[in-house]
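Reading through the structure tokens given below for one structure.
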Amino acid sequence: MANPSVRIDIATEFTGKKAFDQASKSTFNLEKSVKKLAGTFGLAFGATAVVNFSKQAVKAFAADEAAANRLSRAVDNLGIGFANPAIAKYISELERTAAVADDILRPAFQALLTTTGSLTKSQELLNNAITISRASGIDLATVSQDLANGYVGITKGLKKYNTGLTTAELSSKSFAEVLGVMLTRSAGAATDYLDTTQYKMDALTIATGNASEILGGGLVNAFARIGGGTEASDAAKAIEDIAKAVAFTTETIGGLIGVIPSLLATLKKLPKDIFQGFAGAQVGKKLTPNPTVVKKTPAQISTEKQAKALAKLESDAAKRQKAILALQKKQSDAAKKAAADQAKLTKAQSIFDMEKIQIEAALKGKISADEKLRLELQRAILNEDFELADKLQKRLEASQRATAALQGALKDIKPVPSPFDEWIDALKEIGETLSKILGINVNTSSSMLNPNQPIVATQTPNSPFQEGTIPIPVTTVSDLADAATAAADMATLAANEAAAIAADAATFAATLAAGAAADAAMIPGNTIHPILPYTGSSSSIFNPYGMSSNIAGWGTNTSTVQDTPAMPPIVVNIEGLIDMDNVEGVFNQAMLNAIRKGLPQTIAGALP
Amino acid sequence: MPVEVKGGIALRKALKQFAPDLAVETRKELANLLRPIVQNARGFIPSQAPLSGWGKSSVTGRFPEWSSSEAKSGIGFKTTPSKPNRSGFRSLARIQNASPSGSIYETAGRLNPYGRSQAKTVTFSGTIKRKDSIQTWSYDTSAGKNYGKSNNPEAGYLFTQAMNQYGGIVDANNQVGAGRRSRKMKGRAIFRAWKEDGGKTTAAVLKAIENSNVKFQNYTLKAK
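These protein sequences, in sequence, are chains A and B.
My numbering puts the first residue of the first sequence at 1, with every later residue one more than the last.
My numbering puts the first residue of the second sequence at 1001, with every later residue one more than the last.
Here's what the structure looks like:
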């Protein structure tokens, strides 16, 4: 019955509310305990820190346990489960000597072990990975994974280690060769690291990490302060010892307090099928599972069997490595064959290369030796035949040098004496003959033959002509001589042509003279028609626009000769080789461009 | 106002564990001190129902039926520690009026001497067909926890007046000095008896507890 509300309390005692009192008491005791511990370590913890401590401890322990279980399972799957204690010992010793946390070593070793399938090879590669990691600064997990990949021929990841090997070399060289290069470049790094302060710091970190796994990360800093002032390795060992001692104490106290732990232990020991027998009896069936066959523990496997298992493991790993190498060689051969086939295919495709076809066609035509050389060089370049191209290039350069030397030699040749000098004498004789015939005093002195002074005919007293001087605007003599001289200068080798021109000029002059004489005889007072004027040093009376013709050929400019004065020539420069069918189109395009751009369509000196 | 004692519960436990005889003796001594007040308080309970209808059996059963014997027997004393109240105090010795009807008689009109108001009212209306006419009716009634439920606005006041015919409310608070006085020390039976006692029983109870403590200490010294 609840306390009646209508009552008189005679004497009372304050005890506080039960729940509040218990909670307050618990919190007070908890904080008191932690503060006491914190005071010992020089730190200040609160209730939150204690909670975090518990969480971190559990998390660290769980992570460590999971990593160990993964490695243990991997070893079991290789059939060498008995080697787990030895591997754990190896990892532990490596952790202490190399100052690499077991959290990192276990996954690295597992990756190598599952890849190589060899216990010894894995240990060797793990040691190498530590060395390379120390030298390169790349984390051990990455290095070990790269080495595991390289072991099976995947060398792409090894580029980052700056081995100095090209990609082709990395793919062509064997893993052992590449690893040798890497180890050569990383030699001494691991040893040097042991003398550094970083090593001591890492050792301390690992020790505190182990303590965290045992007790929790929340006390790591506290233990670090305890270890202050002493050697890092000693402090690390002390920290581990303290952690283990505290853990043992905690476990012991936890076991002593209350009956719950023992009760739980008792419940755990109860067979799981304790109720199945009872239930099976009710339904008349046997629900109790058959007794499981207890497997032999690793310790129960004989040493001989262990040795056999290890030997088999190594043998299998060696076979696998051999198979991998054979496969790599096969792949390399296949790659080479594919490259050769590709070259053949490229060669076959070159048959249909239009540029090459044109070169081949041009080579079959009538071309000079120099043009042939150029075509062959171009063909070699297209075929990427570097040796032949180089050879032809040298030959072409030699040819060009010879041409240049020839041109130099030609410059040194002295001009041939003008054959028209005799013309002067002939013209003088013509003049004297004319004067005799016409009764005109023609001054045929050398001064009259001055190119700048016209010939002047004067009427003699006995002449049928009227008195006075009749100017004759003749420049023919000296101009003809100059034209002949210019023609001789321009084309020494065309002496025969010049001679023919001179002969024609003489004949023409004679004709003119005859015509003039006849006209003078028949039409008194009439003048002699002048000869058409001409300009340009390279022109003649037969080629008044001074055009010269060159021989068209490969690689040279092609010029078109236009001899008709009414149709001034247009010069079109075409570079390279074109199809003859397209010549007309090229010319038309050039004309259109000239018209569109407003360019003069007549050459200099020609009448439009 | 109760007197605060420190260590009373521990003493009681110690007596019960290490000196049972002394515990029984202490309990009897406290009972002898409290019983006169109880008997006096029971004498203030009317021998018949304060209101004529209260003694009849209730149809709905919501309001406790008056019973003089039950009301008298509901008055008593206890010397076992109670559960802690909201403030964390535990009673070591107390006089109580535990019966429902006795509690109503004890406290009726303590909070509202003139009954609860009927401010919140609802009007009900209807018609009554007669032979020769139709009569309409309507009334207001209250609603809500803190308002009177009776259709009679003076029901509360009349009920309190009926109780007061047998004895008015007595303030048994003997607190002196400044401070608010609790109305919970007012009543017609046990509080009236406690008022008439004038605090003598309180002093006697404390004295008895102290004596038992001394006796227990002597007992333990002898045991050593």
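Glycine included, each C-beta is placed from N, C-alpha and C at the ideal position.
- B:N1164: not part of any beta strand (DSSP E); member of the alpha helix (DSSP H) spanning 1155-1164, first to last residue.
- When 9 angstroms is used as the limit between beta carbons, A:F28 is near no residue of chain B, the shortest such separation being about 17 angstroms.
- Listed along the chain, the chain A residues whose CB falls inside 8 angstroms of the CB of B:V1003 are I10, A11, T12.
- Rounded to whole angstroms, the separation of the alpha carbons of B:T1160 and A:E13 is 35 angstroms.
- The secondary-structure analysis by DSSP pairs B:N1097 across a beta bridge with B:I1075.
- In the pairwise beta carbon analysis, the region 152-171 of chain A is classified as touching the region 318-330 of chain A: at least three pairs are separated by under 8 angstroms.
- Listed in chain order, the positions of the region 1189-1200 of chain B with a beta carbon within less than 8 angstroms of a beta carbon of chain A are I1190, F1191, W1194.
- Under the three-pair Cβ rule at 8 angstroms, the region 132-149 of chain A counts as touching the region 159-179 of chain A.
- Burial is judged here by how many other beta carbons sit within 10 angstroms of a residue's own beta carbon; B:G1177 has fewer than 16 and is exposed.
- The beta-carbon of B:Q1096 is placed less than 9 angstroms from the nearest beta-carbon of chain A.
- Along the region 1088-1112 of chain B, going in chain order, the ones with a CB nearer than 7 angstroms to a CB of chain A are G1088, F1089, R1090, S1091, L1092, A1093, R1094, I1095, Q1096, N1097, A1098, S1103, E1106, T1107.
- Within the same chain, Cβ atoms closer than 8 angstroms to the Cβ of B:R1181 are found at D1171, N1173, Q1175, the five residues on either side in sequence being excluded.
- For B:D1132, the three-state secondary structure derived from DSSP is coil.
- A:I8 counts as buried, since no fewer than 16 other beta carbons sit within 10 angstroms of its beta carbon.
- A:L363 is positioned such that its CB atom lies no closer than 9 angstroms to that of A:A380.
- Judged by their CB atoms, B:I1190 and B:A1041 are nearer to each other than the 9 angstroms cut-off.
- Here the region 69-85 of chain A makes no contact with the region 182-191 of chain A; the two share fewer than three CB pairs at distances below 8 angstroms.
- Using a C-beta cut-off of 8 angstroms, the region 1124-1139 of chain B makes no contact with the region 1098-1115 of chain B, since fewer than three inter-stretch Cβ pairs fall below that distance.
- Close to B:G1187, with beta-carbon spacing below 8 angstroms, are these residues of chain A in chain order: V6.
- Not one beta carbon of chain A lies nearer than 9 angstroms to the beta carbon of B:A1023.
- Annotation: the continuous beta strand (DSSP E) that includes A:E13 extends over 7-14.
- DSSP places B:W1066 outside both helix and strand once states are collapsed to three, so it counts as coil.
- Within the region 117-179 of chain A, the runs of alpha helix (DSSP H) at least 4 residues long that lie entirely inside it are, in chain order, 119-136, 140-151, 167-172.
- One alpha carbon belongs to A:L165, the other to A:L158, and they sit about 10 angstroms apart.
- At a cut-off of 9 angstroms, the C-beta of B:P1050 has no neighbouring C-beta in chain A.
- Between the region 101-118 of chain A and the region 140-148 of chain A there are three or more inter-stretch CB-CB distances shorter than 8 angstroms, so the stretches are counted as touching.
- Residue-level contact check: A:T15 touches chain B, since one or more beta carbons of chain B fall below 9 angstroms from its beta carbon.
- Non-local C-beta neighbours of B:A1108 in its own chain, meaning closer than 7 angstroms and more than five positions away in sequence, comprise F1159, T1160, M1163, ordered along the chain.
- The CB of B:I1209 comes closer than 9 angstroms to the CB of A11 in chain A, given here in chain order.
- Close to chain A, meaning a Cβ-Cβ distance shorter than 7 angstroms, are the following residues of the region 1069-1084 of chain B: S1082, K1083, P1084.
- Judged by their CB atoms, A:S118 and A:L313 are nearer to each other than the 9 angstroms cut-off.
- When the five nearest sequence neighbours on each side are left out, the beta carbons in the same chain lying within less than 8 angstroms of the beta carbon of A:S174 are those of L325, Q328, in order along the chain.
- Contact note: B:T1202 reaches chain A through I10, using a C-beta cutoff of 7 angstroms and chain order.
- In chain order, I359, A362, L363 place their CB closer than 6 angstroms to the CB of A:L375, counting only its own chain and leaving out the 5 sequence neighbours on each side.
- For B:F1063, the number of other beta carbons within 10 angstroms of its own is below 16, and it is reported as exposed.
- For A:N3, the C-beta contacts it makes with chain B under 7 angstroms involve S1082, K1083, in order along the chain.
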